[in-house]
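Engineer: What follows is a structure written as structure tokens; I'll ask about it next.
Here it is in structure tokens:
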């Protein structure tokens, strides 16, 4: 595969990502599990009563009936109030998410949708509601220990336990939602996802490889959307089977439409045109699964919105620059660009285009630089960040950073006429303004 070795995609990875990007799967599974749990526990309740009656322990059966009757009030209250509670909680949460998306970027909604605590909370709430309704159907009208066939004692106790779990998850959910409204946790989450993508990238030097003459091209024939994931292992196997080298034309994060060139074939006849359908994952928006540049895109969007005249929050932009510098420092020594993947015999079978160092630096600084000249806090932080990355970068990667530094200085000189203010705005400072 690659020089460092190829990490095989996880089984059903596109399906896993699709389910993580939806909000219906986990609650649906929770409802099904609540019904299965109720059925299993109701069988146990019936077995307990049957065993006690066989032992002629009618007094113990009476005690169970009295306990279940006392718990019935709580179960009834839970069943009537839980759905209202769910509606109020998630209405407030959606308002909070809407506020966060308006202040930061609409991409933060994706963080909420993919949040495990959000899905777990809704799942447990709905499961508790459905379970309590099912428990109410298990109560018998009679109270004669000799005539009852089942007493929902375990069901009632389990309902109380699920209510307690719901309350604990509610606390965790509120805490998670409040953190989503804060800039720091959001940019930290974005940075963490980007670093995970970096950790999955193949290493080794990116040397120029002779691919041979291009003999054919395969067009894309699926539904239009953003290229989110590529199953490298399948493409390598297909290329080896046909004795060719494949070059992926679009990058991860590109929007592909039917009919556009998708794969370039080198050294032989083209594989079947339908092959791209089962080797890629296409969606409606970008994700961080394999998209190296997506994290920088999100951080840049948040910084730009913070620097807009309507928001005017340079401190948020500085927080984004902190994370941008962190990501660039993590990338500065990594091999970037086209990635060759080899088969088991060591022959190159697939070349996947990726962002170059210049592309990533431009994405990180270009748009922010246009707005940074108006804010001395941002210009000072940006200069300090560029200087820090320059100090880490090898010689062949310093040029792009130096160019952005010079352009920022020129922008400040054009925007700030006063000499004293201009000198202040051009002093590098990792905190912007202390």
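Residue numbers (this note's numbering): 1358 to 1791.
The beta carbon of each residue, even a glycine, is placed where N, CA and C say it ideally should be.
1) What residues are listed by DSSP as bridge partners for residue 1618?
2) Compute the distance between the beta-carbons of residue 1620 and residue 1575, then report whether it is under 8 Å.
3) Can you give the Cα-Cα distance for residue 1522 and residue 1732, rounded to whole angstroms?
4) Taking the continuous alpha helix (DSSP H) assigned at residue 1657, which residues delimit it?
5) Identify, in the order they occur along the chain, each residue of the same chain with its Cβ nearer than 6 Å to the Cβ of residue 1673, setting aside the five sequence neighbours on each side.
6) Alpha carbon to alpha carbon, how far is residue 1537 from residue 1586? Give it in angstroms, no decimals.
7) Among residues of its own chain, excluding the 5 on either side of residue 1612, which ones have a beta-carbon nearer than 6 Å to its beta-carbon?
8) If you drop the 5 nearest sequence neighbours on each side, which residues of the same chain put their C-beta closer than 7 Å to that of residue 1646?
9) According to DSSP, which residues form a beta bridge with residue 1584?
10) If you reduce the DSSP assignment to three classes, tell me which class residue 1539 lands in.
11) Could you please give the first and the last residue of the uninterrupted alpha helix (DSSP H) stretch that includes residue 1460?
12) Could you tell me which of 1450, 1484 and 1588 sits nearest to residue 1529, measuring between CA atoms?
13) Taking 8 Å as the threshold (C-beta atoms), are residue 1712 and residue 1783 in contact?
14) What residue range is occupied by the uninterrupted beta strand (DSSP E) comprising residue 1708?
15) When you compare only the Cα positions, how much space is there between residue 1785 and residue 1741?
16) Taking the alpha helix (DSSP H) that residue 1774 falls in, what are its first and last residues?
17) So residue 1779 and residue 1714 are supposed to be a Cβ contact under 8 Å. How far apart are they, rounded?
18) Please classify residue 1479: does DSSP put it in a helix, a strand, or coil?
19) Using 8 Å for Cβ pairs, my map puts residue 1435 next to residue 1515. What's the rounded Cβ distance?
20) Near residue 1746, what residues of its chain come up, given a Cβ to Cβ distance below 7 Å and the 5 sequence neighbours on each side ignored?
21) Using the Cα positions of residue 1395 and residue 1480, report the straight-line distance between them to the nearest angstrom.
22) Am I right that residue 1597 and residue 1700 are in contact with their C-beta atoms under 8 Å? What's the rounded C-beta distance?
23) By Cβ distance, which residues of its chain are closer than 8 Å to residue 1636, with the 5 residues on each side in sequence left out?
24) Which term fits residue 1485, buried or exposed, when burial requires 16 or more other beta carbons within 10 angstroms of its beta carbon?
25) Quick one: residues in its chain with C-beta nearer than 7 Å to the C-beta of residue 1656, no 5 flanking neighbours on either side, listed in chain order?
26) Let's test the definition: count the other Cβ atoms within 10 Å of the Cβ of residue 1425 and tell me whether it reaches 16, buried, or not, exposed.
27) My assumption, with CB atoms under 8 Å, is that residue 1492 sits in contact with residue 1432. Please give the rounded CB distance.
28) Taking DSSP as the reference, what is the three-state secondary structure of residue 1384?
29) Please determine, among 1710, 1638 and 1654, the residue with the shortest C-alpha to C-alpha distance to residue 1721.
30) What are the start and end residues of the beta strand (DSSP E) that includes residue 1733?
31) Quick one: grab the DSSP three-state call for residue 1530.
32) Less than 7 Å between C-beta atoms, sequence neighbours within five positions excluded: which residues of the same chain meet that for residue 1610?
33) With distance defined between alpha-carbon atoms, name the residue in 1452, 1421 and 1761 nearest to residue 1511.
34) To the nearest angstrom, how far is the alpha carbon of residue 1762 from that of residue 1455?
35) Assign residue 1598 to one of three DSSP states: helix, strand, or coil.
36) Consult DSSP for residue 1613 and reduce its assignment to one of helix, strand or coil.
Structural biologist: A quick look at the data gives this:
1) 1576
2) yes
3) If you take the alpha carbons of residue 1522 and residue 1732, they lie about 48 Å apart.
4) 1651-1664
5) Here the set comprises 1540 and 1663.
6) 26 Å
7) 1583
8) Counting only Cβ-Cβ distances below 7 Å, and skipping sequence neighbours, we find 1374, 1585 and 1586.
9) 1639
10) coil
11) 1415-1460
12) 1450
13) no
14) 1705-1709
15) 4 Å
16) Unbroken run through residue 1774: none, as it is neither H nor E.
17) No, residue 1779 and residue 1714 are not in contact; Cβ-Cβ is about 30 Å, not under 8 Å.
18) helix
19) Incorrect: roughly 12 Å between the Cβ atoms, too far for contact.
20) 1682, 1685, 1686, 1689 and 1758
21) Taking the straight line from one Cα to the other gives about 16 Å.
22) Approximately 5 Å separates the beta-carbon atoms of residue 1597 and residue 1700; this is inside 8 Å, confirming the contact.
23) 1587, 1588, 1591, 1592 and 1595
24) buried
25) 1544, 1547, 1677, 1680 and 1681
26) Buried, since its Cβ has 16 or more Cβ neighbours within 10 Å.
27) 5 Å
28) helix
29) 1654
30) Run containing residue 1733: none in the beta strand (DSSP E); it sits in the alpha helix (DSSP H), 1733-1749.
31) helix
32) 1583, 1584, 1643, 1648, 1650 and 1651
33) 1421
34) 36 Å
35) helix
36) strand
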